[in-house]
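Below is one structure, written out as structure tokens, with a few remarks after it.
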Amino acid sequence: MRDWPDSAELLTFYDHNARKMPWRVGPKERAKGVLPDPYRVWMSEIMLQQTTVAAVKDYFERFTARWPTVSDLAAAEDADVMAEWAGLGYYARARNLLKCARYVVTEHDGVFPDTVEALLTLPGVGPYTAGAVASIAFDQPATVVDGNVERVMARVFDIHTPLPAAKPELTEKAAAMTPRERPGDYAQAVMDLGATICTPRNPACGLCPWRSDCKAQAAGTAAELPKKIPKKPKPIRHGVVYIAKRVDGAYLLETRPDSGLLGGMLGWPGSGWTEGHAPKHDAPIKAEWKTLNSEAKHTFTHFHLRLTVKTALVPMDRKPSVGAFVLEDDYDSGNLPTAMRKAFDLYRGT
DNA sequence: GACACGTGGAC
DNA sequence: TGTCCAAGTGT
């Protein structure tokens with residue numbers, strides 16, 4: 007066994023097995039040295055943060071069709087971008103996406119910076135994304151460390167230190183492995199490897215191009231790496247939402263505050279969400295409220311939510327204390343974050 | 001370092 | 001059903 011796997015072997019494997027994705031250039035162009043559009047690389051990398059390729063594809067197509075350049079995106083309305091992001095999760099990404107686009111236009115003449123250092127100054131761009139954009143869009147030998155790379159490095163070098171304490175050591179290994187040639191393809195190759203072969207459960211070691219150089223494979227420990235600190239259990243929080251339909255078909259919605267959970271997104275007015283029972287609150291408009299028989303259930307990263315749904319039909323002349331009515335023709339439950347959409351689906355009986 | 005921050009698919 | 005997990009960042 008070699009001390010270090012060969013990055014060239016992985017690149018050859020990648021040339022034959024690269025997954026097709028809308029933000030990647032095809033094999034023929036790549037062979038000619040054509041680099042992908044930095045705007046598209048950046049967009050895809052933001053969307054891919056903690057999110058699967060399958061979930062991202064359609065969102066990426068819609069965003070780039072609607073806003074083909076960073077200048078187009080910078081000129082977009084906040085509400086349109088948030089509505090387009092609805093359902094993808096981690097909504098701070100969407101707020102930072104727009105902030106970043108406007109920053110690139112005003113401070114960089116609409117041209118994405120090409121160094122890790124400069125990329126790190128952009129909103130929503132951290133160490134991973136800066137490295138990914140620098141290597142994939144600008145052919146720079148940046149170190150790219152995501153969850154896949156952490157897992158692959160932990161296995162190749164049989165590192166048993168649990169995450170996140172192991173991160174510096176794994177990053178060091180990843181940096182030492184990164185080749186000067188085709189760093190962007192190499193980064194994507196390791197991530198493809200982690201997503202398709204060196205998977206968290208049941209890794210397909212028999213298909214791995216690095217099998218003969220992998221220390222965990224030799225030790226029989228691949229499937230149990232990387233070690234992780236156990237997670238805390240999720241508490242259950244309760245809340246109430248109010249779905250008011252006006253007689254003309256309009257719905258009462260509010261734009262949530264920019265900070266915090268579902269920040270900047272549309273939602274049904276309601277109570278806060280707390281353990282035990284929903285906190286005291288007022289209805290957003292005077293009406294004959296009826297409570298649905300079942301609750302809307304949803305699970306966030308760190309708690310389970312059970313929403314009591316109250317509904318009412320209200321006359322034209324009533325004024326809400328919070329939010330605003332959205333006309334029937336402008337209403338689309340697809341513009342709501344999933345927890346809010348579930349409450350609506352329960353109300354409609356779907 | 002620890003925690004907040006979404007969602008849907010896999011097992 | 002419940003838990004784990006995915007191309008992380010900001011505070």
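In terms of this note's numbering, the first sequence opens at residue 7 and continues consecutively.
In this text, a Cβ means the ideal position worked out from N, Cα and C, and glycines have one as well.
Anyone know if the C-beta pair for residue i and residue j falls short of 9 Å?
i    : j    : result
A222 : F163 : yes
A250 : P285 : no
R161 : A228 : yes
Y97  : G269 : yes
L103 : V87  : yes
G95  : T57  : yes
M271 : L352 : no
K75  : Y109 : Note that residue 75 corresponds to Thr in the displayed sequence, not to Lys. No, the Cβ-Cβ distance between T75 and Y109 is not below 9 Å.
P119 : A172 : no
Count the other C-beta atoms from every protein chain shown that fall within 10 angstroms of the C-beta of residue i, then say buried if there are 16 or more, exposed otherwise.
i    : result
V117 : exposed
P275 : buried
P326 : buried
N208 : exposed
S141 : buried
D198 : buried
L319 : exposed
N299 : exposed
V40  : exposed
D382 : Any question about residue 382 goes unanswered here, given that the chain covers just 7 to 356.
What are the boundary residues of the alpha helix (DSSP H) that includes residue i?
i    : result
V47  : P44 to L54
A222 : K221 to A225
A14  : S13 to N23
T135 : P133 to F144
S339 : Run containing S339: none; DSSP gives neither H nor E here.
S77  : V76 to A80
V87  : D84 to W91
R157 : G153 to V162
A124 : V122 to L125
Quick one: grab the DSSP three-state call for residue i.
i    : result
R252 : strand
Y96  : coil
K179 : helix
F306 : coil
Y65  : helix
K173 : helix
T202 : helix
R188 : coil
T317 : strand
G32  : coil
T58  : coil
T112 : helix
G270 : coil
K105 : helix
E281 : strand
Locate the beta strand (DSSP E) running through residue i, then write down its first and last residues.
i    : result
V332 : A330 to V332
T344 : Careful: T344 lies outside any beta strand (DSSP E), inside the alpha helix (DSSP H) at T344 to R354.
L259 : Y257 to T261
Does the pairing of the segment 172-180 with the segment 132-151 give three or more beta-carbon distances under 8 Å? yes
Are at least three pairs of beta-carbons, each pair with one atom in the segment 309-316 and one in the segment 234-251, less than 8 Å apart? yes
Do the segment 42-53 and the segment 129-138 touch if we need at least three Cβ pairs shorter than 8 Å? yes
Cβ contact (3+ pairs, closer than 8 Å) linking the segment 209-216 and the segment 30-39: Counting Cβ pairs under 8 Å, fewer than three are found: no touch.
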